[in-house]
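Numbering (this note's numbering), first residue to last: 1432 to 1861. Glycine included, every Cβ here is placed at the ideal spot set by N, Cα and C.
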């Protein structure tokens, strides 16, 4: 009997060992598949909530589900809205604070408040420096119109849920796509609330006959004209009295901070071949969304997900609708591989600073060198002397955005000259 039990015991041990090895392998594969936890590809990171012939609403997957490194973004979501010309997003309220930025097109936004108060906002992306944006308090009923007869409307929203980590849109209307939330009450509640029989309430508010196809619908030009009159007569309040704008012939960046939300909004444009030199944000976690164009980004951060002094580079090739997260204090460089523009949201933005590691202006390394004992410190920090370090830094006369092709052109020129010399000597090597 004992002899019979030994093989069974060995089989059990082997089974558990193989199971453990398989589990460890799957964990490694999962970690390896997540090569860049800061990059959200547009092809598989957006989830569509609603879509019809007039437009769509979609939400980016939760940041903290992508990686534990993004846990501090668990209270934030990105929502994209797109609609065809002359359309209306039906009235709704959300259980989230919303910060809405127009990426392209024009919009009429109407906020409905108690006591028959309404606020009208005419928002556009026409401003060459900074697209219009507006804050929508949680629970505020709002509706949105694309008044343009030709151009699509594209909006990106930073949503800050107030109940839990999910966002819920509560639509008043009952359409082919969803029911009105008012329909979920027991019959006696709307009867008493509206002082009417349920049959009449159902016919007027919820009947299938006359229902819209979905929550984005067509709207006629007369209604748009009336809304436009109200919107144009309403003043838009900016989020900040001062814009922090930097730029040159290679690119420009404008930032505004909403202190009440502790959020920074940025708009950045770069010409093809431009390089935004290595830099980092002191406190803000920046969520970068590509509006148009393509770019190469390199982020330097700790190796793995542990406390360590080892670092590695996280690279990505960005294109339209891609999202990239830049954690606070992580150095990053961005090179435009075509003309490109971004919308950015910085979380934890109050008292945040942008620190550059190269260039003529706001360079923290050169700031060390200009201190009384700075050159001695630089000499101890780097392999060269302090004077050599400062001489190297001062070679770059540009600031923020520089010519990313310059050094490559010099290298190619040097390589071409070397090849010519080798050719004269009959030593052309491939």
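Under the rule that 16 or more other beta-carbon atoms within 10 Å means buried, what is residue 1739, buried or exposed?
Exposed, since its Cβ has fewer than 16 Cβ neighbours within 10 Å.
Coil, strand or helix - residue 1502 by DSSP:
Helix at residue 1502.
Got a sec, what are the start and stop residues for the beta strand (DSSP E) residue 1621 sits in?
Counting along the chain, residue 1621 falls outside any beta strand (DSSP E), though it belongs to the alpha helix (DSSP H) covering 1619-1625.
State whether the region 1488-1504 contacts the region 1756-1764, with contact taken as three or more CB pairs (one from each stretch) at a distance under 8 Å.
yes
Identify whether residue 1831 lies in helix, strand or coil by the three-state DSSP scheme.
Correct three-state label for residue 1831: coil.
Let me know if residue 1708 comes out buried or exposed under the rule of 16 or more other beta-carbons within 10 Å of its beta-carbon.
buried
Where the beta strand (DSSP E) through residue 1486 begins and ends
Under the DSSP assignment, residue 1486 falls in the beta strand (DSSP E) whose first and last residues are 1486-1491.
What three-state label does DSSP hand residue 1646 in the structure shown?
Residue 1646 sits in coil when the DSSP states are folded into three classes, being neither helix nor strand.
State whether the region 1574-1588 contacts the region 1533-1542, with contact taken as three or more CB pairs (one from each stretch) at a distance under 8 Å.
yes
Taking the continuous alpha helix (DSSP H) assigned at residue 1823, which residues delimit it?
1817-1824
Here's the rule: buried if 16 or more other CB atoms are within 10 angstroms of the residue's CB, otherwise exposed. What is residue 1815?
exposed
For residue 1552 and residue 1517, what's the separation of their Cα atoms in angstroms?
16 Å
Quick check: the Cα distance between residue 1612 and residue 1684, rounded to an integer number of angstroms?
42 Å
Stretch pair the region 1712-1729 + the region 1765-1783: three plus CB contacts closer than 8 Å:
Yes, they touch.
Any idea what DSSP makes of residue 1661, helix, strand or coil?
helix
Report all residues from its chain with a CB closer than 7 Å to the CB of residue 1736; omit the five preceding and five following residues, and keep chain order.
1499 and 1500
Does the distance from the C-beta atom of residue 1822 to that of residue 1689 stay below 8 Å?
Taking 8 Å as the Cβ cut-off, residue 1822 and residue 1689 do not qualify as a contacting pair.
Nearest neighbour of residue 1488, chosen from 1777, 1585, 1679 and 1702 [CA to CA]
Out of 1777, 1585, 1679 and 1702, 1585 has the C-alpha closest to the C-alpha of residue 1488.
So what does DSSP say about residue 1615, is it helix, strand or coil?
helix
Report the partner residues of residue 1678 according to the DSSP bridge assignment.
1683
To the nearest angstrom, how far is the alpha carbon of residue 1571 from that of residue 1525?
7 Å
Cβ pair count under 8 Å reaching 3, the region 1543-1551 against the region 1478-1487
no
From the DSSP output, in three-state form, read off residue 1698 for me.
Of the three classes helix, strand and coil, the one that applies to residue 1698 here is strand, per DSSP.
C-alpha gap between residue 1794 and residue 1812, whole angstroms
16 Å
Specify, as a first and last residue, the run of the beta strand (DSSP E) that residue 1748 falls within.
1742-1749
Contacts around residue 1835, its chain only, beta-carbon distance under 7 Å, and the 5 residues preceding and following it disregarded
So the qualifying residues of the chain are 1704, 1705, 1706 and 1766.
Using C-beta distances below 6 Å, list every residue in its chain close to residue 1714, excluding the 5 sequence neighbours before and after it, in chain order.
1759, 1779 and 1783
Simplified DSSP assignment, three categories, for residue 1807
helix
Please report the distance separating the alpha-carbon of residue 1676 from that of residue 1651.
When rounded, the distance between both Cα atoms is 39 Å.
For residue 1724 versus residue 1770, is the C-beta spacing smaller than 8 Å?
In this structure, residue 1724 sits near residue 1770, with a CB-CB distance shorter than 8 Å.
Using a Cβ-Cβ cut-off of 6 Å (strictly less than) and excluding sequence neighbours within five positions of residue 1437, which residues of its own chain qualify?
Residue placement at residue 1437 cannot be trusted, given a pLDDT of 49 that sits under 50; the coordinates are not used to answer.
Could you tell me if residue 1513 is buried or exposed, where buried requires 16 or more neighbouring beta carbons within 10 angstroms of its beta carbon?
Classified as buried, residue 1513 has 16 or more neighbouring CB atoms from the shown chains inside 10 Å of its CB.
Bridge partners - residue 1587, DSSP secondary structure assignment
Beta-bridge pairing by DSSP links residue 1587 to 1511 and 1532.
Reduced DSSP secondary structure (H/G/I, E/B, other) of residue 1481:
strand
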